[in-house]
Every structure is written in structure tokens, then in C-alpha cells.
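Participant: Sequence lines, in order, name chains A and B. Counting from 90, one number per residue, gives the positions in the first sequence under the working numbering. Counting from 90, one number per residue, gives the positions in the second sequence under the working numbering. Glycine included, each C-beta is placed from N, C-alpha and C at the ideal position. This is the structure I have questions about; it appears just below.
Protein chains: 2
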Amino acid sequence: MPRTPRERARAQTVADIVRLGREHLASHGAAALSLRAVARDLGVVSSAVYRYVANRDELLTLLLVDAYDELGDAVDMAVEAVPPRDHAGRFKALGRAVRDWALREPARYGLLFGSPVPGYQAPAGRTTTSGTRVVYSLIGILEAAYRAGGLMTAAPTAVVPSALSPDLETIRNELGLAVPEGLLANGALVWTSLFGTVSFEVFGQYGADTFSARDELFEHHLAVLAKLVGLEA
Amino acid sequence: MPRTPRERARAQTVADIVRLGREHLASHGAAALSLRAVARDLGVVSSAVYRYVANRDELLTLLLVDAYDELGDAVDMAVEAVPPRDHAGRFKALGRAVRDWALREPARYGLLFGSPVPGYQAPAGRTTTSGTRVVYSLIGILEAAYRAGGLMTAAPTAVVPSALSPDLETIRNELGLAVPEGLLANGALVWTSLFGTVSFEVFGQYGADTFSARDELFEHHLAVLAKLVGLEA
DNA sequence: CCTTGTCAAGAGCGGTGCTCTCATTTGTTG
DNA sequence: CAACAAATGAGAGCACCGCTCTTGACAAGG
Chain A
90 MPRTPRERAR AQTVADIVRL GREHLASHGA AALSLRAVAR DLGVVSSAVY RYVANRDELL
150 TLLLVDAYDE LGDAVDMAVE AVPPRDHAGR FKALGRAVRD WALREPARYG LLFGSPVPGY
210 QAPAGRTTTS GTRVVYSLIG ILEAAYRAGG LMTAAPTAVV PSALSPDLET IRNELGLAVP
270 EGLLANGALV WTSLFGTVSF EVFGQYGADT FSARDELFEH HLAVLAKLVG LEA
Chain B
90 MPRTPRERAR AQTVADIVRL GREHLASHGA AALSLRAVAR DLGVVSSAVY RYVANRDELL
150 TLLLVDAYDE LGDAVDMAVE AVPPRDHAGR FKALGRAVRD WALREPARYG LLFGSPVPGY
210 QAPAGRTTTS GTRVVYSLIG ILEAAYRAGG LMTAAPTAVV PSALSPDLET IRNELGLAVP
270 EGLLANGALV WTSLFGTVSF EVFGQYGADT FSARDELFEH HLAVLAKLVG LEA
């Protein structure tokens, strides 16, 4: 894509800035991300960075997309490693991939799913595509299982409030889904529950010594969530 | 408690600092909490604040306990407004109280349940008592329902991994619980799922226009979670 | 060659947490 | 009541932050 040598050098510098920013983010957290520190690591004076990145918020946006995509790649890879017919297996692979990535990259996970950075509003246009990959993957698994007739009906369903139906219908129409709205509502709960469980572990909400068998705790939760959408009996 | 006039004045000043800190926290977020700004509002030079609060982290700890207690009070009040026999009603009241408080105080909720503040480690000794009030309340509701024989057995249970049993047994013994470990494991999932759902809404993880009927979405989730521990049929 | 555009450097502004010194206030005690 | 000691507030200062502006060096293209 970059044609002139200038453009090539420029793209390389931006890539370096993102790489260094990612390292700072991973080791010190989002709030501690400092353009000056990135500039120091880049071997350049602080003001020079502003030639490549408008401000701290834009660097944050770049890192946000970067993290969303890395998580999305990890999830896609894990899901596709499971046979398409094994819907429950694919769901659990998705969950494990999210948890593994989150535990591996706690600060970046926190940027994506933790408290919003004060004063920073992610520009929707540049983040939605990457930010919706995981939930679309989850919906894809559910939809495939439903179309294949592989969903149990023993899942505990609650009556969908009438005011909620239009929202669910919109989603079904926009994505061309066959899954009924009740299942979609349960899917939303599974979605938020998955990230709730992972966040509790990553953010240290469990006490230090409440749960020592955290892998098994997560596996149990994953199994219950799978039942919740009928992926398992 | 404070006897001498000096101690009274000192306690009052500390209370003022916490109050101003809470206001800054609520309006600008945790990362933007500034001792200098608090000092300005207090009408005092910045260094004077250090006479009352060791550093920024200690103020953060005070605000953490303050927020945990306010949330705990809100939950207790909501739960106790429901007849003790109505276990499902108490559970839903707890959930709604958490969500209402979180939506009312998003920045303080973020401090409690969002990404940890970089470089800040909450001193366990000063925060656990207040920080465990909600989960203890949830466990209390479950335990009361179980002892009263008011739990349905139709809840979807997954087999508890053997490595997880010791953790659950420890909890059962320390709290003197009668609920079986399988139910306790589901309770843990309900706990994290509740906060996962609330966090998604408070932190803006749902797209801006994905769900418009958010009250109803939450009510639906609450109903499914109630079924998950057998509080409802 | 020489203009034009790109870039790094440096100074500077206002903000932050935190420490230190110094003067002053204030409560207690002889 | 006066003297003393503790508590307190003010101020300067250090190192850091995001960000802006000006200046001078440099390379690409006409």
C-alpha cells in the first residue's frame, strides 16, 4: 500500500509507536500510558510523536482496535480448531480463548472490557468492526447449532418482556438469524455472563484465597452457560 | 469517638476530603481523581491535604470503602423491603439494587468492579468487610431459600469438577452453609453473571443502539438467573 | 539547483503527586 | 495566665504528564 519511501518510513514509525504503546499498556495499564514514555523508548523527543499520532486518545484508539483484533484472532483460531458439528465444543473453545487471552493480557483486557478511560470516548466508526467479532462469533455458533437442530429445548427460558421483542427482532433481521428471540435473549445473558466471569477473575474480584481451582471453576461455569442456550443436555 | 476538639476538627476535615473526593470521583472518574483539585475545593494548598491523607492511594482506599458501603446499604435496604419468605423476590431486589446503584454512580461502580487502577492495590484488610457485603447477602438469600425448602431442583446443574470441591467445601464450612456444593457453584455463576450484565450496561459494552429496552433486558436476565439457582420454576 | 514538504528538537504552559522547610495557629499543661 | 509542644497551613521545589509552538535540518521532486 505505501508507495513512496516517505510513506513507507512513516507507516513503519506508526507501527513502532503502536508496538511500544502496546508494551506500555500491557505492563503499566491504560491510565499510565504516556506519550512521553513511548517517545523515550522510540529514541525521540516527545513532541516528535505528534507528527504521527494526533494525541493520546488516538493512540488509545489504535491500541483498542489492536487489542480487539488480537482477541478476535485468538477466538477465531480456537473456534475453528473444533469441528463445525461440535457446537458445544466450539462454544467452550470460544469461552476458553477469551479467558486465556484475558489472563495473558490483563491490562489490555481491562482497556476493552473494564471501566472506560475518563474523558476518552472510543470513536464508534473505528472500533465497532473489531469490537463485535467475538459476539458475532458466539451468535454464529448458536445459529449454526440451531439450524442443525442441535439445540436442546430443556434450557431454562424466561418469558421475553414484550418491550424487549423489538430489539431482538431488529437483531434477528439485521443478521438474518433463524434462532428464536427467546434463545437470542438467553444468548445475550451467556455473552455478558462469560465476560462477567472472566472479568471477576482478571480484575481480582474473587478474594485472594476464595477459589484456588480457577480453571475448574471456569469450566463449570462454561458448562452451565452451555446448558443455558441448549448447547448441552 | 473523637474526644478532644483537635480530634473532632481533624475527623471533620478528613470527612470533608472524602466527600469532595467522592464528588470528583463521581463526576470525573477514578483515574482523574486529583489531590490538588480536592485541596482547591477545600480552600487549602495542596500539601496541606497530606496532613490528613497519606497519599492518593489512601484516599482511593477511603473512597473504595465508602462506595462499597453505600452499595451494601442500598442492597440491604432493597432486600429487606421484600418479605423474607419471598426468596425469588429478594434475589431480584438485590439485582435491581446493584444495577440501579451502578447506573446512578457509574464512576464509583467502575472503581469497585472495573479495571483495577494501575499501581494501586487495595489493602485487603480495610476493604474485604465492606466489599463482601453484597455476595454475602446473595448467599444468605440462597441459604434461606434452601433451608426453607423453597428451591426448585429443575435448575440446570453441571457436574462439579473434583478439583473445585475443596474450595466449595471451605466456603460451606466457613459460613456454615447447608446449600450443597452444586448449588453453591451455580450461585457463584449467578454472582459473576449479575455483575457481568450490569458492567456491560454501565461500561457501554452494548452498542449504542443494540438494546433500547434495557430495563426489560435486565429483568429477563434476572429471571433466567433466578431459575439457574432454582429460585423460580 | 532550489523550492517545497517533512521531520526532530527545544522551549514553554499548565497540570499532576509528593517532599521539604518554615512560620503560624491551637490546645494543653505547668 | 503564660509557656510550651504539637498540629497545621503555606510555599517552594522536583520530576513527571499532555500538548503547542517555533526553529532549524534535511530529503524529494520539479
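#1: Could you give the residue range of the alpha helix (DSSP H) that holds residue 165 of chain B?
#2: Of all the CB atoms in chain A, is at least one closer than 9 Å to the CB of residue 202 of chain B?
#3: Give me the Cβ distance between residue 300 of chain B and residue 205 of chain A, rounded to the nearest whole Å; I'm assuming they're in contact under 8 Å.
#4: Count the other CB atoms, across all protein chains shown, that sit within 10 Å of the CB of residue 248 of chain A; report buried if there are 16 or more and exposed otherwise.
#5: Less than 9 Å between CB atoms is the rule here; does residue 118 of chain A satisfy it with respect to chain B?
#6: What residues from chain A crowd round residue 288 of chain B, counting only those whose CB sits closer than 9 Å?
#7: Can you grab the Cα-Cα spacing for the pair residue 174 of chain B / residue 164 of chain A, in whole Å?
#8: Check whether chain B comes within 9 Å of residue 103 of chain A, counting only Cβ atoms and requiring the distance to be less than that.
#9: Looking at the C-beta of residue 316 of chain A, does it have a partner C-beta in chain B at a distance below 9 Å?
#10: If you drop the 5 nearest sequence neighbours on each side, which residues of the same chain put their C-beta closer than 7 Å to that of residue 184 of chain B?
#11: Quick check: what's the CA-CA separation for residue 135 of chain B versus residue 124 of chain B?
#12: In the DSSP assignment, find the alpha helix (DSSP H) that holds residue 300 of chain B and state where it starts and stops.
#13: Please report the Cβ distance between residue 201 of chain B and residue 156 of chain B, rounded to the nearest whole angstrom; I am assuming they are in contact, meaning their Cβ atoms lie under 8 Å.
#14: Compute the distance between the beta-carbons of residue 148 of chain A and residue 122 of chain A, then report whether it is under 9 Å.
#15: Under 7 Å Cβ-Cβ, which residues of chain A neighbour residue 253 of chain B?
#16: Run the CB neighbour count on residue 251 of chain A, radius 10 Å, all protein chains shown included, and call it buried at 16 or more, exposed below.
#17: Could you spell out the range, first to last residue, of the alpha helix (DSSP H) harbouring residue 235 of chain A?
#18: Go to residue 212 of chain A, then tell me how far its alpha helix (DSSP H) extends in each direction, as first and last residue.
#19: Let's test the definition: count the other Cβ atoms within 10 Å of the Cβ of residue 116 of chain A and tell me whether it reaches 16, buried, or not, exposed.
#20: Measuring straight from C-alpha to C-alpha, what distance separates residue 180 of chain B and residue 315 of chain B?
#21: Roughly how many angstroms lie between the CA atoms of residue 257 of chain B and residue 258 of chain A, to the nearest whole one?
#22: Which residue from B:177, B:233, B:158 and B:101 puts its Cα closest to that of residue 198 of chain B?
#23: What's the call for residue 225 of chain A, buried or exposed, on a 16-neighbour Cβ count within 10 Å?
#24: Apart from the five residues just before and just after residue 321 of chain B, which ones in its own chain have a Cβ nearer than 6 Å to its Cβ?
#25: What does a CB cutoff of less than 7 Å around residue 244 of chain A pick up in its chain, not counting 5 residues either side in sequence?
#26: Take residue 231 of chain A as the anchor and find which of A:101, A:131 and A:277 has the nearest alpha-carbon.
#27: In chain order, what residues of the same chain lie with their CB nearer than 7 Å to the CB of residue 102 of chain B, ignoring the 5 residues before and after it?
#28: Taking residue 306 of chain A as the reference, which of B:98, B:270 and B:237 has the closest Cα?
#29: Mind checking which residues open and close the alpha helix (DSSP H) that includes residue 136 of chain B?
#30: Any beta carbon from chain A within less than 9 Å of residue 292 of chain B's own beta carbon?
#31: With C-beta atoms as the reference, is residue 272 of chain A less than 9 Å away from residue 227 of chain A?
#32: Is the beta carbon of residue 168 of chain B closer than 9 Å to that of residue 186 of chain B?
#33: Where residue 172 of chain A and residue 106 of chain B are concerned, what is the direct C-alpha to C-alpha distance, given to the nearest angstrom?
#34: So, with DSSP's three-state summary, where would you put residue 261 of chain A?
#35: At a Cβ threshold of 9 Å, is residue 248 of chain B touching chain A?
Facilitator: According to the structure data:
#1: The continuous alpha helix (DSSP H) containing residue 165 of chain B extends over residues 145-169.
#2: Output row for residue 202 of chain B: interface = yes.
#3: About 18 Å separates the two Cβ atoms, so there is no contact after all.
#4: Exposed is the call here.
#5: yes
#6: Near residue 288 of chain B (Cβ distances below 9 Å), the residues of chain A are 202, 203, 204, 281, 284, 285 and 288.
#7: 44 Å
#8: no
#9: yes
#10: 283 and 311
#11: 7 Å
#12: Segment: none, residue 300 of chain B is in no alpha helix (DSSP H) and carries neither H nor E.
#13: About 6 Å separates the Cβ atoms of residue 201 of chain B and residue 156 of chain B, confirming a contact at the 8 Å cut-off.
#14: yes
#15: 302, 305, 306 and 309
#16: Result: exposed.
#17: 222-236
#18: Looking at the DSSP string, residue 212 of chain A is not in any alpha helix (DSSP H), and its letter there is neither H nor E.
#19: exposed
#20: 7 Å
#21: Taking the straight line from one Cα to the other gives about 41 Å.
#22: B:158
#23: Sixteen is the threshold: since fewer than 16 other Cβ atoms of the shown chains lie within 10 Å of the Cβ of residue 225 of chain A, the residue is exposed.
#24: 177 and 315
#25: By the criterion of a C-beta distance shorter than 7 Å, residue 244 of chain A is surrounded in its chain by 275, 316, 317, 318 and 319, once the five residues flanking it on both sides are discounted.
#26: A:277
#27: 141
#28: Residue B:270 is the option with its Cα nearest to residue 306 of chain A.
#29: 135-138
#30: yes
#31: no
#32: yes
#33: 59 Å
#34: Of the three classes helix, strand and coil, the one that applies to residue 261 of chain A here is helix, per DSSP.
#35: It does; some Cβ of chain A falls within 9 Å.
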